[in-house]
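Contents: one structure, followed by commentary.
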Amino acid sequence: MFSKILVLSPHTDDGEFGCGGSISKWLDEGKEVHYVAFSSAEKSVPKGFPSDILKKEVKDATKILGIPPNNLLVFNYPVRDFLAHRQEILENMVELENTVKPEIVLLPSTADTHQDHQVVSQEGFRAFKKNSIIGYEIPWNNLSFTTNLLVSLNEKQMKRKIEALKCYKSQSSRIYSSEEFTWDLARIRGSQIAVKYAEAFEAIRWIIR
């Protein structure tokens, strides 16, 4: 139903956590995927890592998923301060709408409580409301989550997601970064549609033309 996909990630790694398996699946199917991160979260990088480490890690991770380097864009908005840059972020999105011309847009769900994620979700709807839009699942941020759209995944696609997430060595101490967590969530979502693995999404706007 669509061939050109745009993933909006508030910070580097959100896209891989929320929809890395689906990105892998769609690239396997020959679809065009663009990935945009609005911050490399330099203020949040753990001690012992270069401040710009996440810029390198997102390049490595998206390469593993199969996203061409020219389809990766990383902005430098300060982490946790997206509210102060809301209009600039919206203008970036409007430009992406005009240049990428996506058929479907993936962004944080409407129930995501992180302040930066809320800005990307809300401004993303404003910028791309003429497109199909689905919200990906970030369980540690979601107050609730409506699983009304699920994407089945095979083991190869899941392994690619896992390998992409392993690129984020600077984030490995976070509890949700464990390989076990990623596999378990995929199994839970798969069980909802009688497959082995899946990713869940919130259907925010689904357009059939």
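Numbering-wise (the working numbering), the sequence shown opens with residue 128 and increments by one.
Backbone N, C-alpha and C define an ideal beta-carbon position, used for all residues, glycine too.
In DSSP terms, what residue i is bridged to
i	result
residue 332	260
residue 173	The partner list for residue 173 (beta bridge, DSSP) is empty, contrary to what the question assumes.
residue 246	Paired residues: none, contrary to the question.
residue 269	239
residue 161	133
Neighbourhood of residue i by C-beta distance below 6 angstroms, restricted to the same chain and skipping five residues each side
i	result
residue 324	280, 285, 313, 317
residue 196	none
residue 230	129, 131
Three-state secondary structure assigned by DSSP to residue i
i	result
residue 218	helix
residue 212	helix
residue 156	coil
Other residues of its chain near residue i: CB distance less than 7 angstroms, five sequence neighbours each side excluded
i	result
residue 212	204
residue 245	239
residue 331	237, 252, 260, 261, 262
Top-ranked residue by Cα proximity to residue i, from the options
i	options	result
residue 140	259, 257, 253, 234	234
residue 181	330, 147, 294	294
residue 267	306, 258, 133, 145	145
residue 134	328, 283, 335, 183	328
residue 206	334, 165, 326, 311	165
residue 283	310, 172, 321, 131	310
- Message: Below 8 angstroms, how does it come out for the region 271 to 286 and the region 220 to 239: are there three or more Cβ pairs, yes or no?
- Response: yes
- Message: Count Cβ pairs between the region 144 to 160 and the region 187 to 194 that sit closer than 8 angstroms; are there 3 or more?
- Response: yes
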